[in-house]
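A.B. asks: Numbering of the sequence shown is given in the working numbering, commencing with residue 1 and proceeding in unit increments. Let me give you the structure first, and then I'll get to my questions.
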Amino acid sequence: MFIPTTKQELEDLGWSDELDVVLVSGDTYIDSPYSGMAIVGQLLLSCGYKVGIIAQPDCKNSTDISRLGEPKLFWGVSAGLVDSMVANYTALKKFRNSDDFTPGKVNNRRPDRATMVYTNTIRRYFKNTVPIVIGGIEASLRRIAHYDFWSNKVRGSLLFDAKADILVYGMAEKSIIELANYLKEIDQKTDQKLHISQLSLNHIRGICYIAKEPIINYILLPTLKECQDKNDKNSFIDMFHIFYDNNDPITAKGVCQEHNGRYLVQNPPQFYMNSSEIDKVYNIPYKREVHPYYAKQGEVKAMETIRFSITTHHGCYGECNFCAISVHQGRTIRSRSENSILNEAKSFTKNSKFKGVISDVGGATANMYGFECDKKLAKGTCDDIRCTGHRMFNPMKFYKPKDKEYKICPVLKPNHKRNIKLLQDIQNIDGVKKVFVNSGIRYDLINEDEDYGKEYLKQIAHHHVSGQMKIAPEHSENNVLKYMGKPSKNILTDFKKDFDNLSQESGKKQFLTYYMIAAHPGSTQKDMEKLKRFANADLRLNPQQVQIFTPTPSTYSTLIYYTELDPWTREPVFVEKDPMKKQKQKDVVTQGYRK
1 MFIPTTKQEL
11 EDLGWSDELD
21 VVLVSGDTYI
31 DSPYSGMAIV
41 GQLLLSCGYK
51 VGIIAQPDCK
61 NSTDISRLGE
71 PKLFWGVSAG
81 LVDSMVANYT
91 ALKKFRNSDD
101 FTPGKVNNRR
111 PDRATMVYTN
121 TIRRYFKNTV
131 PIVIGGIEAS
141 LRRIAHYDFW
151 SNKVRGSLLF
161 DAKADILVYG
171 MAEKSIIELA
181 NYLKEIDQKT
191 DQKLHISQLS
201 LNHIRGICYI
211 AKEPIINYIL
221 LPTLKECQDK
231 NDKNSFIDMF
241 HIFYDNNDPI
251 TAKGVCQEHN
261 GRYLVQNPPQ
271 FYMNSSEIDK
281 VYNIPYKREV
291 HPYYAKQGEV
301 KAMETIRFSI
311 TTHHGCYGEC
321 NFCAISVHQG
331 RTIRSRSENS
341 ILNEAKSFTK
351 NSKFKGVISD
361 VGGATANMYG
371 FECDKKLAKG
381 TCDDIRCTGH
391 RMFNPMKFYK
401 PKDKEYKICP
411 VLKPNHKRNI
421 KLLQDIQNID
431 GVKKVFVNSG
441 IRYDLINEDE
451 DYGKEYLKQI
461 AHHHVSGQMK
471 IAPEHSENNV
481 LKYMGKPSKN
491 ILTDFKKDFD
501 NLSQESGKKQ
511 FLTYYMIAAH
521 PGSTQKDMEK
531 LKRFANADLR
541 LNPQQVQIFT
551 PTPSTYSTLI
561 YYTELDPWTR
571 EPVFVEKDPM
581 KKQKQKDVVT
591 QGYRK
């Protein structure tokens, strides 16, 4: 069933009394496993809670925010699948006119800093209300002191700025159910309206809250004031290293950070869901449609790609320094079972809109499905080496020159066998004509897998490419790639040769599409000119998929952008901050070739 969004739906369900939870989202309501709010709402429904959802409310009046009434347990607020500032503005701070998650595709319903706006709207029309819980990517990545590109300053935790009560970070499925169960228990013990002052929250993993004093045995981070000191950015760097290293549920400790006399408390991360728990999330019979209330308001472009796509796993250990997935989803791969994935694919064939084409089978990185490091599964992520990356490092120590070379940890042992079999089994389902893999693929993992890497690439090239295969080398120059955490161009050119040969072998005209980044920390105009020459000579193309680096909260690249320092050596790093020169870095690659 759809999560109700109107009074009429509540009446049709016989829900005459108040809801337990009201969710508020910056995206329109799509009932799909690709929508975080749909997942949260459906999980709560499956646990017996009465849940309603209000998508993209008009915050100028009380009509939208009050149409389902005040909930009994909590409000759940999210800006949507993308940080609202990233959704609304380009890297050059120009307003985006379109929005794939808004009916009619016009970007006119998602406010800037949406989490703050929604919580303020709730408090304006519901005085002394039940706890407001914020979550989603915007809240998760802004949960501690962070550099905000849009205001060009270090801001405090969004929990304080939004005047919310609780922040759920990371993958929220387990934490939100634990929190709901706890709030229900407290509510049943009192005749008064539930209030944050009644709660003791240090036992629930994966959440943040505000306290008057730091928690004993939690790590004390540098204060907000120290992090905001523009004359000495070392405290901010120290803070980020500690924060980053305390994101694995096996090894992490809780952290506290003073914000002007009060403390942001981050409990240790929630334990990852195992395979059967993830299966339960995706086995829910989602409608895979926009809710009728919003569908009549216009077409939602995102439905083109997500309606018949399949998520195979959570997490990514690629640790690209400009990507926040490591902090939000985690660095350990958690894979769904083959049966769950195949059953989802089979369910597509019963949908009247299914034409036989599955748009994508993957995750943050498609070819990480089905294998992980045994050491990491038992003891958590390492603190002195990345699974993939340029340096073996301990963030609080200098790295040695010999460790700068890109390498994949020898303990990881990539293995594409399960992935190959999975794609074959999906392709063989009656009613499925074509299965595409449009999620990102790490070509360095393919090269590293001596047993099944070439076989996996052959299957992809022969059966799962829709004319072009998207990969993201991001740059060609090692002095830039090391700050990105990406493989060298030699690994890319080897992969290209293999892909071209396999495409020719299959008799298909298909090619690679390369995503590049301009104006990333460390990148100069000369570096972009070298990238242009490399693309022309070695890739034999004139790149068009080039984006200007956008500093987003809680990534190492953003840390370097703000501090203009290498966070591991504290040596200066060139950072282009002039908007016109950023555009020139992009133009030199996308426009005519110049020697």
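Beta carbons: idealized from backbone N, C-alpha and C, even for Gly. Computed from a predicted model, the values in this text were never measured in an experiment.
Is it the case that the Cβ atoms of T312 and Y369 are separated by a distance below 7 Å?
C.D. replies: It is a contact, given that the beta carbons lie within the stated cut-off.
A.B. asks: Which same chain residues, not among the five before or five after A252, have their C-beta less than 6 Å away from its C-beta?
C.D. replies: For A252, where only same-chain residues beyond five positions count, the Cβ hits under 6 Å are N246, P268, P269.
A.B. asks: Using DSSP with H/G/I as helix, E/B as strand and the rest coil, what is P292?
C.D. replies: Three-state DSSP puts P292 in a helix.
A.B. asks: Tell me the rounded alpha-carbon separation between H464 and A345.
C.D. replies: Rounded to whole angstroms, H464 to A345 spans 15 Å at the Cα level.
A.B. asks: Where does M396 sit, in a helix, a strand or coil, going by DSSP?
C.D. replies: Note that M396 scores a pLDDT of 41, beneath 50, so its modelled location is shaky and nothing firm can be said.
A.B. asks: Alpha carbon to alpha carbon, how far is H241 from K375?
C.D. replies: C-alpha separation (whole angstroms): 22 Å.
A.B. asks: With a threshold of 6 Å on Cβ separation, who are the neighbours of D566 within its own chain once the five nearest residues in sequence on each side are excluded?
C.D. replies: Counting only Cβ-Cβ distances below 6 Å, and skipping sequence neighbours, we find V573.
A.B. asks: In this structure, does DSSP put Y209 in helix, strand or coil?
C.D. replies: DSSP places Y209 in strand when its eight states are reduced to three.
A.B. asks: Candidates M516, D494, Q510: which alpha carbon is nearest E477's?
C.D. replies: Taking only the C-alpha atoms, the option nearest E477 is M516.
A.B. asks: Let me know if G356 comes out buried or exposed under the rule of 16 or more other beta-carbons within 10 Å of its beta-carbon.
C.D. replies: Result: exposed.
A.B. asks: For V411, collect the residues of the same chain with a Cβ closer than 7 Å to its Cβ; drop the 5 residues on either side in sequence, then sort them by chain order.
C.D. replies: The residues are C373, K375.
A.B. asks: Quick one: grab the DSSP three-state call for K402.
C.D. replies: At K402 the pLDDT is 43, less than 50, meaning the model places this residue with poor confidence; the figure from the coordinates comes in the next sentence. It is helical.
A.B. asks: With a threshold of 16 other CB atoms inside 10 Å of the CB of K27, please say whether the residue is buried or exposed.
C.D. replies: It is worth fixing the name first, because residue 27 is Asp in this sequence and not Lys. Result: buried.
A.B. asks: Confirm, please, whether the CB-CB distance from Y29 to A55 is below 7 Å.
C.D. replies: Cβ atoms of A55 and Y29: closer than 7 Å.
A.B. asks: Would you kindly work out how many angstroms separate the C-alpha atoms of C596 and K454, rounded to a whole number?
C.D. replies: Outside the displayed span of the chain (1 to 595) sits residue 596, for which this structure offers no information.
A.B. asks: Can you check DSSP and say which residues form a bridge with A302?
C.D. replies: Answer is none; A302 lacks a bridge partner.
A.B. asks: Pair every Cβ in the segment 467-476 with every Cβ in the segment 379-388, then say whether three or more of these pairs are closer than 8 Å.
C.D. replies: Touching, no.
A.B. asks: Which whole-angstrom value describes the C-beta separation of I134 and I122, a residue pair presumed to lie in contact below a C-beta threshold of 8 Å?
C.D. replies: That pair is no contact at about 11 Å.
A.B. asks: Go through its chain and collect everything with a Cβ distance to Y317's Cβ below 6 Å, but skip five positions before and after it.
C.D. replies: R331, C387, listed in sequence order.
A.B. asks: Which word fits M580, buried or exposed, when buried means at least 16 other C-beta atoms lie within 10 angstroms of its C-beta?
C.D. replies: M580 comes out exposed.
A.B. asks: Distance check for V154 and Y147, CA to CA, integer angstroms please.
C.D. replies: Near 4 Å, if we compare the C-alpha coordinates of V154 and Y147.
A.B. asks: Tell me the rounded alpha-carbon separation between V597 and M484.
C.D. replies: Residue numbering for the chain in the displayed model covers 1 to 595; residue 597 lies beyond these limits and cannot be assessed.
A.B. asks: I'd like the span of the alpha helix (DSSP H) that includes E450, first residue to last.
C.D. replies: Neither: E450 is in no alpha helix (DSSP H) and is coded neither H nor E.
A.B. asks: Counting pairs of beta carbons, one from the segment 194-209 and one from the segment 176-185, are three or more of them closer than 8 Å?
C.D. replies: Judged by Cβ distances under 8 Å, the segment 194-209 makes contact with the segment 176-185, as three or more pairs qualify.
A.B. asks: Using a threshold of 7 Å, state whether the C-beta atoms of G598 and P4 are closer than that.
C.D. replies: The shown model of the chain, from 1 to 595, leaves out residue 598, and the question about it has no answer.
A.B. asks: Taking C-alpha atoms, which residue in K486, Q459, S352, T349 lies nearest to K407?
C.D. replies: Checking every option, the nearest Cα to that of K407 belongs to K486.
A.B. asks: Could you work out which residue in G315, D191, S235 is closest to P249 when comparing CA atoms only?
C.D. replies: Ranking G315, D191, S235 by Cα distance to P249 puts G315 first.
A.B. asks: Compare the beta carbon distance of N108 and R96 with 7 Å and say whether it is the shorter of the two.
C.D. replies: No.
A.B. asks: Measuring CB atoms only, is the segment 72-79 touching the segment 136-151, in the sense that at least three cross pairs come out at less than 8 Å?
C.D. replies: Enough Cβ pairs lie closer than 8 Å, so yes.
A.B. asks: Helix, strand or coil for R442? Go by DSSP, reduced to three states.
C.D. replies: R442 falls in the coil class under three-state DSSP.
A.B. asks: Kindly provide the ranges of any alpha helix (DSSP H) runs that are 4 or more residues long and lie completely inside the segment 347-432, ordered along the chain.
C.D. replies: Runs found: 374-379, 417-427.
A.B. asks: Look at T590 and Q547 and say whether their C-beta atoms are less than 7 Å apart.
C.D. replies: Cβ distance not < 7 Å, so T590 and Q547 don't count as in contact.
A.B. asks: Take K632 and list the residues in its own chain whose beta-carbon comes closer than 7 Å to its own, dropping the five residues that flank it on each side.
C.D. replies: With the chain covering only 1 through 595, there is no way to say anything about residue 632.
A.B. asks: Three-state secondary structure (DSSP) at C227?
C.D. replies: Helix at C227.
A.B. asks: If you draw a straight line from the alpha carbon of F511 to that of L422, how long is it in whole angstroms?
C.D. replies: Distance between the alpha carbons of F511 and L422: 24 Å.
A.B. asks: Who are P572's beta bridge partners in DSSP?
C.D. replies: P572 is bridged to L565.
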